[in-house]
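Chemist: I'd like to ask some things about the structure below.
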Amino acid sequence: MGKPEPDWYDGIVTDQKGVTIAAPGADCIPLLFCDPVRKVCGAAHSGWKGTLQGVAMATVNAMIAEFGCSVKDVLAVLGPSVGPCCFTLPKEDAEKFHAIHPNCVRLFDSPSPYVDIRKATRILLERGGILPQNIQDDSVTDRSQNITLCTSCHPDKFFSHVRDGSNFGTQIGFISIQD
């Protein structure tokens with residue numbers, strides 16, 4: 005806010021109260037961040053390419069650089085996205101996720117391995133200094149608190165390009181700072 009708008013971006017951060025920021029996602033992960041100490045929030049869109057490019061930590065690093073946040077105070081939420089049950093990539097792309105951690109890929113030797121972009125995002129956030137307990141994702145075992153559902157597996161709840169092809173909608177995750 006208050007700066008020239010870039011040509012494109014996948015993440016945005018603010019410290020302005022009452023300003024709502026959002027991240028879209030159908031199968032991509034809508035990422036939401038907040039620092040309750042500095043009263044800063046961020047939102048980012050992270051598909052498989054954005055995950056590999058580090059959009060999650062780039063958003064956190066923008067919170068740190070722009071507003072003096074501490075990585076230890078940042079809370080992260082990974083919204084609904086395509087799960088490792090439904091998302092495949094060509095082997096040469098899956099290898100990049102395997103390099104992050106072998107558990108990010110299932111059936112690695114197949115031509116189209118299953119890829120877990122959420123697990124990769126969690127690992128990259130933890131490597132960047134986000135505390136594991138500050139990340140809300142599909143590792144939450146209380147089903148009433150787990151919002152990281154597979155968009156492809158839940159046609160009654162979500163749009164999904166993986167499931168529906170090119171004619172699909174989108175969901176958004178949004179966040180704002182209140183008093």
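For the sequence shown, the numbering used here gives the first residue as 5, with consecutive numbering after it. C-beta atoms are modelled at their ideal positions from N, C-alpha and C, and glycine is treated no differently. A quick note: this is a predicted structure, and the numbers were derived from the prediction, not measured.
When you compare the region 94 to 108 with the region 58 to 77, are there three or more beta-carbon pairs, one atom per stretch, that lie closer than 8 Å?
Modeler: With a cut-off of 8 Å on Cβ pairs, the region 94 to 108 is not in contact with the region 58 to 77, counting fewer than three such pairs.
Chemist: Give me the DSSP bridge partner(s) of K21.
Modeler: I181
Chemist: Cutting at 7 Å between CB atoms, please list the residues of its own chain near P136, excluding the five before and the five after it.
Modeler: E130
Chemist: On the DSSP bridge assignment, give the partners of V109 in chain order.
Modeler: V119
Chemist: Run through DSSP, which three-state label would F172 get?
Modeler: Three-state DSSP puts F172 in coil, outside helix and strand.
Chemist: Whose C-beta lies closer than 6 Å to the C-beta of C38 among residues of the same chain, with five residues either side of it excluded?
Modeler: C45, L79
Chemist: Leaving out the 5 sequence neighbours to the left and right, which residues in its chain are closer than 7 Å to N107 when beta-carbon positions are compared?
Modeler: K123
Chemist: Pick from A26, A48, D31, L82: whose alpha carbon is nearest that of N138?
Modeler: L82
Chemist: Mark A103 as exposed unless 16 or more other C-beta atoms lie within 10 angstroms of its C-beta, in which case mark it buried.
Modeler: exposed
Chemist: Report, in whole angstroms, the separation of the C-beta atoms of I121 and I33, which I expect to be a contact under 8 Å.
Modeler: 6 Å
Chemist: Once the 5 residues before and after W52 are set aside, which same chain residues still bring their CB inside 6 Å of it?
Modeler: I121
Chemist: Nearest to A48 by alpha carbon, out of T125, S156, V166?
Modeler: T125
Chemist: What are the boundary residues of the alpha helix (DSSP H) that includes V64?
Modeler: 59 to 71
Chemist: Measure the beta-carbon distance from S164 to D31 and round it to whole angstroms, keeping in mind my assumption that it falls under 8 Å.
Modeler: With a Cβ gap of about 6 Å, S164 and D31 count as contacting.
Chemist: Could you tell me the distance, in whole angstroms, from the CA atom of L35 to the CA atom of A27?
Modeler: Rounded to whole angstroms, L35 to A27 spans 7 Å at the Cα level.
Chemist: From G58 to T24, what does the alpha carbon distance come to, in whole angstroms?
Modeler: 23 Å
Chemist: Can you give me the start and stop residues for the beta strand (DSSP E) that A30 sits inside?
Modeler: If you look at A30, you'll find it isn't in any beta strand (DSSP E); DSSP assigns it neither H nor E.
Chemist: Out of C90, A98, P40, F101, which has the shortest C-alpha to C-alpha gap to V75?
Modeler: P40
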